[in-house]
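Shown next, in structure tokens, is the structure this report addresses.
Numbering (the UniProt record's numbering), first residue to last: 1 to 257.
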């Protein structure tokens, strides 16, 4: 058994808890994630999947229960410790890229290092190395509005990786990409997972994208309704079809409510 790096114990998240109309986003979820896993989180809109990854990535706090990171509960960590963990151990990739338009691609990638007061010489070295690996070294002096969607997403990936995090959180990373750039992004994520041992937690609506993960979590009404492991299936195609079945079944259930 591999090392468990994230453990979730009976977490719930309730918004407007003190009002007459509380909204339950997560309901008593327990699960764990091992080092080097590639997790895909799926579910219909409003199912709680984004709240779930926000809680396990320390971007949000559960109303009940606890999140344990590398053996330490976030309840026992100060705000400073949580902030340090998030900046050093987690890299975020967003659907909207979240690049700063007034900075060049090089400056966008370097931003996390600058915030952590890394020496300029080390910043330049790391930025150029990762940009070269992602095929955007020749674009570093450009601004985001001068680049294509695929180029901006590669820049966002570079920014997420420049701090050398152990965990990558990707929220709908292919949502704004065409099929070619989606395939290229998935190849990058697969390489990061299989060759570099990065733990990846990815939210997506796309069944094809989800079939690249080693494990699927399907969230519905704030709970994990279904789980699948790639190891259970002989081929990725079989895995894909079974993910499709889960999505279709749960969506039909939602329509009947």
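Each residue gets a CB set at the ideal place from its N, CA and C atoms; glycine is no exception.
Taking 9 Å as the cut-off, the beta carbon of residue 201 is found no closer than this to the beta carbon of residue 89. Between residue 145 and residue 101 a beta carbon distance of about 6 Å is seen, short of the 8 Å cut, so the two are scored as contacting. Using a 10 angstroms sphere on the CB of residue 115, the tally of other CB atoms stays under 16, which defines it as exposed.
Per DSSP, the beta-bridge partners of residue 73 are 68.
For the pair of segments examined, the stretch 127-140 was found not to touch the stretch 57-66: the number of CB pairs separated by less than 8 Å stays below three.
Per DSSP, the continuous beta strand (DSSP E) segment holding residue 224 begins and ends at 223-229. When the alpha-carbon of residue 164 is set against those of 171, 148, 143, 92, the nearest one is in 92. Between residue 169 and residue 87, the beta carbon gap of about 13 Å keeps them out of contact (Cβ cut-off 8 Å). No Cβ-Cβ contact shorter than 9 Å links residue 84 with residue 35.
The residue among 45, 75, 37 with its C-alpha nearest the C-alpha of residue 55 is 75. Residue 40 is bridged by DSSP to 202, 216. Taking 9 Å as the cut-off, the beta carbon of residue 42 is found closer than this to the beta carbon of residue 243. Under the criterion of beta carbons closer than 8 Å, residue 49 and residue 207 do not qualify as touching, at roughly 14 Å. The beta carbon of residue 222 sits closer than 6 Å to those of 24, 25, 26, 27, 48, all from its chain and outside the five residues before and after it, given in chain order. Under the criterion of beta carbons closer than 8 Å, residue 212 and residue 228 do not qualify as touching, at roughly 13 Å. Taking each of 245, 195, 132, 13 in turn and checking the Cα distance to residue 159, the smallest one comes out for 132. Linking residue 78 to residue 68 through their CA atoms gives a straight-line distance of about 14 Å.
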